[in-house]
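In this note's numbering, the protein residues as written are 1 to 241.
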């Protein structure tokens with residue numbers, strides 16, 4: 001198992017948000033995590049990456065068999081876990097190419113990294129997330145992810161605010177640069193639109209801080225949510241198995 005989360009409980013400002021999460025992601029596997037707003041999706045991503053604002057009260061996080069529950073965020077990134085932010089910050093005065101050279105494990109060879117990505121060339125000479133469209137910000141995040149040569153990538157609402165054409169464009173890059181290279185991916189999403197292009201092996205549904213359903217057929221999950229909302233998922237017979 002690449003990532004294994006065992007009975008994880010976490011809180012912020014004395015409010016418990018994650019209430020016993022169990023999740024396992026294998027190498028070369030793509031999984032999705034769907035849920036309504038304020039269900040704990042983004043909190044789980046932050047806790048996996050070690051954001052100190054969230055306090056773990058119970059449970060463990062294992063990565064490649066090693067307990068990383070108490071590791072600092074930078075050590076988790078170096079171990080191969082990367083998070084693509086839902087709302088990445090703007091950094092004035094810093095070009096994307098400069099940031100990529102600083103964080104990249106491919107020192108001195110950033111230009112070769114994007115030789116097939118026309119949008120990458122358009123972005124690398126611009127300031128990081130300054131005056132970029134929603135789609136360009138998502139692409140900027142993707143380029144930063146690729147520069148880190150990850151083993152597991154967590155995408156937090158990467159399809160949020162994008163039209164169908166942009167979602168497809170982002171999905172194609174994920175398939176080409178991550179899935180085709182056997183990199184594991186966790187897709188966190190509210191709408192689930194991007195799943196139609198990436199077809200995860202397992203789709204998880206989180207409601208009120210608990211993963212209440214796991215399903216291999218992502219189409220079934222999307223159909224249920226579209227028709228009944230997330231309330232229907234609470235009745236899934238496979239909840240918490």
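Note that beta-carbon positions come from the ideal geometry of N, C-alpha and C, so glycine has one too.
Beta-carbon to beta-carbon, residue 77 and residue 162 are separated by about 25 Å, too far to satisfy the 8 Å threshold.
Residue 170 and residue 193 have their alpha carbons spaced roughly 12 Å apart.
Residue 131 has its alpha-carbon roughly 34 Å from the corresponding atom of residue 206. Each residue's CA atom was taken as its position, placing residue 229 and residue 39 some 13 Å apart.
A check of alpha carbon separations from residue 215 across 223, 208 and 64 identifies 223 as the nearest. Rounded to whole angstroms, the gap between the alpha carbons of residue 16 and residue 219 is 31 Å. Contact between the stretch 58-66 and the stretch 129-144 is absent, with fewer than three C-beta pairs closer than 8 Å.
According to DSSP, residue 83 shares a beta bridge with 154.
DSSP places residue 34 inside the beta strand (DSSP E), whose first and last residues are 30-34. Restricting attention to alpha helix (DSSP H) runs no shorter than 4 residues, the stretch 40-78 encloses them at 41-49, ordered along the chain.
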